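*Asks:*
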Amino acid sequence: MTQAATKVLTAHVPLPLAEKVDQMAARLERSRGWIMKQALSAWIAQEEERDRLTQEALADVDAGLVVDHLAVQTWADSLGTDQPLPLPR
Numbered sequence: 001m002t003q004a005a006t007k008v009l010t011a012h013v014p015l016p017l018a019e020k021v022d023q024m025a026a027r028l029e030r031s032r033g034w035i036m037k038q039a040l041s042a043w044i045a046q047e048e049e050r051d052r053l054t055q056e057a058l059a060d061v062d063a064g065l066v067v068d069h070l071a072v073q074t075w076a077d078s079l080g081t082d083q084p085l086p087l088p089r
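For the sequence shown, the residue numbers in the UniProt record's numbering are 1 to 89.
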């Protein structure tokens, strides 16, 4: 099995956060480095998904696939009333 090349990254973190990392590592019987890799991987995946969704939304705007703000506000204001409006399209 070939091991992927790695690079050491350093970061100053507040002591309470570092203590939580150490506690999690102990609880999971994993290294601090493993915990940090998991956390960083999850954060990067989240940010990549956020970027993908933003690009998708911008493409919808460019294509004119939008709902008027006033229509959304009117719909939102109707929620919780006796006669809520249908979702604007």
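Ideal Cβ placement from N, Cα and C applies to all residues, glycine included. Values in this document were obtained by computation on a predicted structure and should not be read as measured data.
Smallest Cα separation from residue 7: which of 29, 55, 17 and 37?
*Replies:* To locate residue 7, count along the sequence shown from 1; it is residue 7. Measuring from the Cα of residue 7, the nearest candidate turns out to be 37.
*Asks:* With a cut-off of 8 Å, does the C-beta of residue 89 fall near any C-beta of chain B?
*Replies:* Protein chains in the displayed structure number just one, and chain B is not present.
*Asks:* Scan the region 60-88 and note each continuous beta strand (DSSP E) run of 3 residues or more that stays entirely inside, going in chain order.
*Replies:* Taking only runs of at least 3 residues, no beta strand (DSSP E) segment lies wholly in the region 60-88.
*Asks:* Rounded to a whole number of angstroms, what is the C-alpha to C-alpha distance between residue 54 and residue 64?
*Replies:* Numbered from its first residue, the sequence shown carries residue 54 at position 54. Numbered from its first residue, the sequence shown carries residue 64 at position 64. Taking the straight line joining both Cα atoms gives about 15 Å.
*Asks:* Report the three-state DSSP secondary structure of residue 31 (helix, strand or coil).
*Replies:* Against the sequence shown, residue 31 aligns to sequence position 31. Reduced to three states, the DSSP call for residue 31 is coil.
*Asks:* Grouping DSSP H, G and I as helix and E and B as strand, with all else coil, what is residue 14?
*Replies:* On the sequence shown, residue 14 is found 14 positions in, with the first residue counted as 1. The answer is coil: DSSP assigns residue 14 none of H, G, I, E or B.
*Asks:* Based on Cα-Cα distance, which residue from 17, 85 and 50 lies nearest to residue 72?
*Replies:* Stepping through the sequence shown from its first residue, residue 72 is reached at position 72. Per the Cα distances, 85.
*Asks:* Might you give, ordered along the chain, the residues of its own chain that have their beta carbon closer than 6 Å to the beta carbon of residue 58, omitting 5 neighbours on each side?
*Replies:* Here residue 58 refers to the residue found at position 58 of the sequence shown. Once the five neighbours on either side are set aside, residue 58 has no close Cβ partner at all.
*Asks:* What three-state label does DSSP hand residue 37 in the structure shown?
*Replies:* Looking up residue 37 in the sequence shown gives position 37. Note: residue 37 maps to helix in three-state DSSP.
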